[in-house]
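Novice: Residue numbers for the sequence shown follow numbering that gives the first Met the number 0, so the first one is 0 and each next one is one higher.
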Amino acid sequence: MDIQQILFITFTVIIIGFLVVDLGIFNRRAHKVSSKSALIQSIFWVAISFGFAFLILLYLGREMAAQFMSAYVTEKLLSVDNLFVFMLIFSYFKLEEKYHHKVLFWGILGAIIFRALFITIGAYIIHQFYWVLYIFGAILIYTGIKLLWDKKEEHIDIKHHKIFKLAHKYLPFSTAPHNGNFLIRENGKLFFTILFMIVLLIETTDIVFAIDSIPAAFAITQNTFVIYTSNIFAIMGLRALFFLIENVLHKFHHLQKGLAFILIFIGLKMLLTIFGLHISSIMSFAIIMTALGVSLLLSILFPKEI
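(1) DSSP three-state label for residue 202, please.
(2) Buried or exposed, going by whether 16 or more other CB atoms sit within 10 Å of the CB of residue 230?
(3) Would you kindly report the start and end of the unbroken alpha helix (DSSP H) that includes residue 2?
(4) Would you list, in sequence order, the uninterrupted alpha helix (DSSP H) runs of no fewer than 4 residues that lie entirely inside the segment 235-288?
(5) Which stretch, first to last residue, makes up the beta strand (DSSP E) that contains residue 182?
(6) Give the straight-line distance between the Cα atoms of residue 219 and residue 210, rounded to the nearest whole angstrom.
(7) What separation, rounded to the nearest whole angstrom, lies between the Cα atoms of residue 88 and residue 102?
(8) Measure the CB-CB distance between residue 235 and residue 136 and report whether it falls below 8 angstroms.
(9) Does the distance from the C-beta atom of residue 160 to that of residue 200 stay below 8 angstroms?
(10) Which value, in whole angstroms, describes the spacing of the CA atoms of residue 76 and residue 97?
(11) Does DSSP classify residue 75 as helix, strand or coil?
(12) On the three-pair Cβ rule with 8 angstroms, is the segment 168-186 touching the segment 271-290?
(13) Please state if the CB of residue 113 and the CB of residue 2 are separated by a distance shorter than 8 angstroms.
(14) Decide if residue 16 is buried, meaning its Cβ has at least 16 other Cβ atoms within 10 Å, or exposed.
(15) Given a threshold of 16 other Cβ atoms within 10 Å of its Cβ, counted over all protein chains shown, does residue 202 qualify as buried or as exposed?
(16) Any idea which residues DSSP pairs residue 190 with across the strands?
(17) What did DSSP end up calling residue 301 once you bin it into helix, strand or coil?
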């Protein structure tokens, strides 16, 4: 068993262990997550992620550690953009705060499974057709340019959402209070609740966002171990981050431009390899962190006008 396999087993134990402890012990009952708890969890996941990056640095080298951190930070930024949509969905359905954690838990559990599936498929396709990476690069540049000019929606049209309409067409839904359940029984028949619909929309949103994040990760590195671990570490801290910044997320309005720059940079980095030009992983990480820092600083120095 080589060191990469040992690190992956360590990673798996951490993720499964936390999921079991999270749902089975700390959050058996629905409750509102306090800012203090969210801060502790956020620090925990950032510390664990940095600790894992240190292990990669120690045993697999600087290059792979830089790739891990670049993919981690990029996924984290994309996740913040994802949080904005989550907030809109919760607001639309007027979901009580005590159920936010449960919805995000199951949404992230689904994200772990779908990310594993997408990364496995992506790795296979790239192994068979390496030129697909150049398509990924072009997609990232297009997405980044589009993101530069797009404005965030202040509302979401749920009733015309394809998943919403398909679910209501093929699944029986109840209008009765869900009381934290995804399924309820009425007159001897099982019905899905609005809480199930919210999870379905959250999961669909994450799949859509994965269309950006997975190509971005493959453009940074083709090592599936680095891609999967960095992606999962980033989204595992997503729930705590949501509770921590949900009231101030709108203040970091320049993060979208920072993310756009990063996506364009990663796309260009991949396309430059066609001409034999290579940007090192360490230099890439430095550029990504600079873009993140500048976008945060600009958001503070030039606050959004209300």
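Ideal Cβ placement from N, Cα and C applies to all residues, glycine included.
Specialist: So, from the data block:
(1) Locating residue 202 in the sequence shown gives position 203, counting from the first residue. In the displayed model, residue 202 falls within a helix according to three-state DSSP.
(2) Here residue 230 is taken as the residue at index 231 of the sequence shown, counted from 1. Its Cβ being crowded by 16 or more others within 10 Å, residue 230 is buried.
(3) Sequence index remark: in the sequence shown, residue 2 carries index 3 (1-based). Counting along the chain, the alpha helix (DSSP H) containing residue 2 begins and ends at 2-20.
(4) The segment 235-288 contains these whole alpha helix (DSSP H) runs: 237-244 and 254-271.
(5) Here residue 182 is taken as the residue at index 183 of the sequence shown, counted from 1. Unbroken beta strand (DSSP E) run through residue 182: 182-185.
(6) For the purposes of this step, residue 219 is taken as residue 220 along the sequence shown, with counting starting at 1. For the purposes of this step, residue 210 is taken as residue 211 along the sequence shown, with counting starting at 1. Rounded to whole angstroms, the separation of the alpha carbons of residue 210 and residue 219 is 15 angstroms.
(7) As a position in the sequence shown, residue 88 is number 89, starting the count at 1. As a position in the sequence shown, residue 102 is number 103, starting the count at 1. Near 11 angstroms, if we compare the C-alpha coordinates of residue 102 and residue 88.
(8) Start at 1 with the first residue of the sequence shown, and residue 235 comes out as number 236. Start at 1 with the first residue of the sequence shown, and residue 136 comes out as number 137. Not closer than 8 angstroms, so no.
(9) Counting from 1 along the sequence shown, the entry for residue 160 is found at position 161. Counting from 1 along the sequence shown, the entry for residue 200 is found at position 201. Yes. Within cutoff.
(10) Working through the sequence shown from its first residue, we reach residue 76 at position 77. Working through the sequence shown from its first residue, we reach residue 97 at position 98. If you take the alpha carbons of residue 76 and residue 97, they lie about 26 angstroms apart.
(11) Residue 75 sits at position 76 when you count from the first residue of the sequence shown. Look at residue 75 here: in three-state DSSP terms it is helix.
(12) By the criterion of at least three beta-carbon pairs nearer than 8 angstroms, the segment 168-186 is not in contact with the segment 271-290.
(13) Locating residue 2 in the sequence shown gives position 3, where the first residue counts as 1. Locating residue 113 in the sequence shown gives position 114, where the first residue counts as 1. Going by C-beta atoms, residue 2 is not nearer than 8 angstroms to residue 113.
(14) The residue given as residue 16 occupies position 17 in the sequence shown. Per the 10 Å Cβ criterion, exposed.
(15) Taking the sequence shown and counting its residues from 1, the one referred to as residue 202 is at position 203. Residue environment: residue 202 is assigned as buried (16 or more neighbouring CB atoms within 10 Å of its CB, all protein chains considered).
(16) Residue numbering aside, residue 190 sits at position 191 when the sequence shown is read from its first letter. Residue 190 is bridged to 183.
(17) Numbered from its first residue, the sequence shown carries residue 301 at position 302. Reduced to three states, the DSSP call for residue 301 is coil.
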